[in-house]
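Undergrad: Sending over a structure as structure tokens; questions will come in a sec.
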Amino acid sequence: MTEGSSTASPRSTRGWLARGGSLGFVGAAGSAVLGFALTIMLTRMLGSQGAGVVMQATGVFALVVALSKVGMDSTVIYLLPRLVPSEPGEVRRTLTFMSLVAVSVSTAAALVLIALAPLVWAAQGQTLVAVIRAVAWFLPAQALLLVATAALRALGGMREYVLVQNLALPLLRPPAVALAVLATSSLVIVGLAWAAPLVLVLAVALLLLSRKLRAWPSDPPGRLLPQGRRTREILAFATPRTLAAGLEQAIVWLDVLLVGTLLGDGAAGIYGGASRFIQAGMLVDSALRIVVSPKLSALVKERRLEELRDLHATATTWLVLFASPIYVLMAVYSPTLMTVLGEGFGQGAPVVVVLSVGACTTFLAGNIHTLLIMSGHSGWAAWNKVVVLVLNVVGNLVLVPWAGIVGAAASWALCMVVDAVLASVQVRHLLGVRLGFAQYLVPLGVVLVSVGVPAALVLTWWGQSLWALAISCVLSLLCFGAACIVWRGPLKLQGILDKRS
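Numbering (the working numbering), first residue to last: 257 to 757.
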């Protein structure tokens with residue numbers, strides 16, 4: 257790949273990334289807080305056993321929808337930013353085709369899951385089977401929602417995307433689940449309450465998308481679907497992406513399912529609650545990925561590699577800088593955090609520590625997976641997930657019987673690091689883009705000193721408690737803010753208030 261000219265200065269790129277990232281952060285933070293609130297509600301109202309059943313059912317749902325949407329949401333993010341400047345008349349037809357594919361396949365997947373659930377999960381009890389079959393009916397709605405919100409994001413509707421995907425859906429779920437728990441003891445009803453908000457949110461997303469699409473009428477009119485060349489392009493990208501997305505969800509949820517199988521529903525509930533802390537901490541990663549994905553696709557297509565390097569370097573520096581403090585605090589105060597979930601969850605504290613270390617290590621690669629996918633190499637991304645999934649299965653089967661839920665955490669952490677290393681090597685060889693990692697040790701060092709040291713001092717003085725955690729957060733924030741001002745140059749914080757695009 258040859259290198260084209262850069263049309264944006266590093267300062268203006270940082271200003272654009274900061275503004276978009278701030279909006280994405282608000283959405284991701286809201287989603288994380290609401291998702292965590294739902295986890296606390298489940299564990300406190302249902303206990304580890306009941307929460308374990310619901311978490312396993314929602315894990316199966318997430319895994320199946322990741323496969324049945326057949327990569328159409330990622331394809332939307334990859335393709336639409338390329339069509340808008342060159343072939344705007346194809347936007348509506350292309351999106352129609354991808355929506356039809358996602359709905360058709362997810363409907364078939366729902367029927368298969370409903371039929372096979374009694375056979376696959378019979379040994380784990382009829383309650384789990386019943387909950388899985390109940391939520392399976394909502395698979396088509398979830399698949400179409402993912403495609404619709406991806407289209408909003410790809411067409412510049414970041415506000416709409418954040419409102420629908422990151423705020424509306426997670427906001428509706430806790431009260432719906434709480435009402436279900438208070439009204440009945442049936443876990444099936446609880447599962448339905450978790451899934452039902454999808455229908456309402458989907459209706460809102462489709463309304464917002466229809467308004468957005470008015471700017472891109474079909475040209476020529478009359479034809480509803482794209483031509484064969486375009487459909488082949490879509491399927492060529494989406495096929496390996498489907499495998500990769502399914503494997504991603506398998507890696508995320510397989511631990512919970514295997515822990516449930518090997519150690520029981522109670523252990524699955526504890527592990528699921530602990531791992532939820534790690535997923536909630538991914539809000540900075542989600543915020544940056546939401547913003548940079550369409551931009552990376554456009555930069556790769558236009559071969560503006562200098563601008564691409566600067567964007568990736570800035571995004572990675574900020575990812576390490578702003579995401580790592582969350583995990584440092586979670587690792588230091590993991591016993592305190594686990595008590596929030598209720599009685600009997602304390603043994604999940606080491607899980608939080610292990611996964612926090614793995615996450616901070618992985619951040620050094622930045623949004624490397626997004627860069628690999630948006631460059632059109634979804635096949636390599638899928639291959640990486642195959643390798644990592646095999647490693648995760650073997651790791652769980654070996655470590656869980658020996659080390660329990662901590663073994664599952666160690667397997668997941670190792671898989672995160674291996675996945676990042678594979679993608680980094682491939683980006684360097686396939687794109688010719690060298691991504692030095694040593695520079696990102698600077699923001700990590702800033703975090704360890706400005707956040708880790710104050711937190712450790714407070715812990716030594718006051719011990720494990722919510723008050724100590726609160727004091728650590730305030731003190732660390734002050735030290736962290738001062739460090740960002742002093743080291744704003746190496747941390748790429750200069751120019752973030754620049755209003756130029």
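Even for Gly, the Cβ is constructed at its ideal location relative to N, Cα and C.
With a CB to CB cut of under 6 Å and the five nearest residues on each side skipped, what residues in its chain are close to F693?
TA: L620, listed in sequence order.
Undergrad: Given this structure, state the Cα-to-Cα distance separating W743 from T570, to the nearest angstrom.
TA: Those two C-alpha atoms are separated by around 14 Å.
Undergrad: Per DSSP, what kind of secondary structure is S441 in: helix, strand or coil?
TA: In the structure shown, S441 sits in coil (DSSP, three-state: anything other than H, G, I, E or B).
Undergrad: By the DSSP assignment, the alpha helix (DSSP H) with Y417 in it spans what residues?
TA: Segment 414-417, the alpha helix (DSSP H) holding Y417.
Undergrad: Whole alpha helix (DSSP H) runs in the region 696-738 with 4 or more residues, listed along the chain?
TA: Fully enclosed alpha helix (DSSP H) runs of 4 or longer: 697-703, 709-718.
Undergrad: Taking Cβ positions only, does L715 come closer than 8 Å to chain B?
TA: This model lacks chain B altogether; it includes just one protein chain.
Undergrad: Round the Cβ separation of A407 and L336 to the nearest angstrom and send it over; I've been treating them as touching at under 8 Å.
TA: Between L336 and A407 the Cβ distance is about 7 Å, and since that is below 8 Å, they are a contact.
Undergrad: With a 10 Å radius around its C-beta and 16 neighbouring C-beta atoms as the bar for buried, classify G745 as buried or exposed.
TA: By the 10 Å Cβ count, G745 comes out exposed.
Undergrad: Return the CA-CA distance between E489 and H568, expressed in angstroms with no decimal places.
TA: Approximately 26 Å between the Cα atoms of the pair.
Undergrad: Please work out which residues of its chain come closer than 8 Å, Cβ to Cβ, to L513, disregarding the five sequence neighbours upstream and downstream, and give them in chain order.
TA: These residues qualify, in order along the chain: Q312, G315, V316, A524.
Undergrad: Are the CB atoms of Q305 and G522 within a distance shorter than 8 Å?
TA: Yes, the Cβ-Cβ distance between G522 and Q305 is below 8 Å.
Undergrad: Counting Cβ pairs, one atom from each stretch, are 3 or more of them under 8 Å apart for the region 672-691 and the region 630-650?
TA: Result yes; three or more Cβ-Cβ pairs closer than 8 Å.
Undergrad: Spatial neighbours of A739 within its chain, please: CB distance less than 6 Å, with the 5 preceding and 5 following residues excluded, ordered by chain position.
TA: So the qualifying residues of the chain are V702, S706.
Undergrad: Does DSSP put E489 in a helix, in a strand, or in coil?
TA: It is helical.
Undergrad: Are the beta-carbon atoms of A449 and A432 separated by less than 8 Å?
TA: Yes, the pair counts as a contact, with Cβ atoms nearer than the cut-off.
Undergrad: Can you give me the C-alpha to C-alpha distance between G260 and G308, rounded to a whole angstrom?
TA: The predicted model places G260 with a pLDDT of 45, which falls under 50 and marks its position as unreliable, so this point remains unresolved.
Undergrad: What does a CB cutoff of less than 6 Å around P374 pick up in its chain, not counting 5 residues either side in sequence?
TA: Here the set comprises V385.
Undergrad: Tell whether a beta-carbon distance below 8 Å holds between W393 and A366.
TA: Closer than 8 Å, so yes.
Undergrad: Going along the chain, which unbroken runs of the alpha helix (DSSP H) with 4 or more residues stay wholly within the region 496-578?
TA: As far as the region 496-578 is concerned, its whole alpha helix (DSSP H) runs of at least 4 residues are 521-536, 539-557.
Undergrad: Considering only residues of the same chain and omitting the five flanking positions on each side of S262, which have a CB-CB separation below 7 Å?
TA: Bear in mind that the predicted position of S262 carries a pLDDT of just 44, short of 50, making it unreliable; the figure below should be weighed with that in mind. Once the five neighbours on either side are set aside, the close Cβ partners of S262 are R560, E562, E563.
Undergrad: Around the C-beta of E416, are 16 or more other C-beta atoms found within 10 angstroms, so that it is buried, or is it exposed?
TA: Per the 10 Å Cβ criterion, buried.
Undergrad: Would you kindly work out how many angstroms separate the C-alpha atoms of L204 and F601, rounded to a whole number?
TA: In the structure displayed, the chain extends from 257 to 757; residue 204 sits before or after that span and is not available.
Undergrad: Find the nearest neighbour of S330 within the set T405, V515, P699, judged by alpha-carbon distance.
TA: Ranking the options by Cα distance to S330, first place goes to T405.
Undergrad: Report all residues from its chain with a CB closer than 6 Å to the CB of H625; omit the five preceding and five following residues, and keep chain order.
TA: Hits under 6 Å: A679.
Undergrad: R429 to P453, Cα distance in whole Å?
TA: Between R429 and P453, the C-alpha separation is close to 7 Å.
Undergrad: Examine the Cβ distances between the region 599-616 and the region 662-669 and report whether three or more of them are shorter than 8 Å.
TA: Flag = yes, the region 599-616 and the region 662-669 touch.
Undergrad: With DSSP as the reference, label F394 as helix, strand or coil.
TA: Residue state, collapsed to three classes: coil.
Undergrad: Where does R756 land, buried or exposed, given buried means 16+ other C-beta within 10 angstroms?
TA: For R756, the pLDDT reaches just 41, beneath the cut-off of 50, and the residue's location in the model is therefore unreliable, although a value from the coordinates is still provided. Exposed, since its Cβ has fewer than 16 Cβ neighbours within 10 Å.
Undergrad: Between R300 and G520, which are expected to be in contact by the criterion C-beta below 8 Å, what is the C-beta distance as a whole number of angstroms?
TA: With a Cβ gap of about 20 Å, R300 and G520 do not count as contacting.
Undergrad: Is the separation between the beta-carbon of G719 and that of V584 shorter than 8 Å?
TA: No; because the gap between Cβ atoms is not below 8 Å, this pair is not in contact.
Undergrad: Could you spell out where the alpha helix (DSSP H) holding N810 opens and where it closes?
TA: As displayed, the chain neither begins before 257 nor continues past 757, which places residue 810 out of reach and without an answer.
Undergrad: Could you tell me the distance, in whole angstroms, from the CA atom of V289 to the CA atom of V310?
TA: Distance between the alpha carbons of V289 and V310 is about 19 Å.
Undergrad: Assuming S553 and I333 form a contact by the criterion Cβ under 8 Å, report the distance between their Cβ atoms to the nearest whole angstrom.
TA: That belief holds up - the Cβ atoms of S553 and I333 are roughly 7 Å apart, short of 8 Å.
Undergrad: In this structure, how does DSSP classify R690 when only helix, strand and coil are distinguished?
TA: In the structure shown, R690 sits in coil (DSSP, three-state: anything other than H, G, I, E or B).
Undergrad: With a CB to CB cut of under 6 Å and the five nearest residues on each side skipped, what residues in its chain are close to A436?
TA: Here the set comprises I445, V446, A449.
Undergrad: Please list, in chain order, all residues of the same chain as A759 whose beta carbon is under 6 Å from its beta carbon, the five residues on each side excluded.
TA: Summary: the structure shown does not reach residue 759, with the chain confined to residues 257 through 757, and so no result is reported for it.
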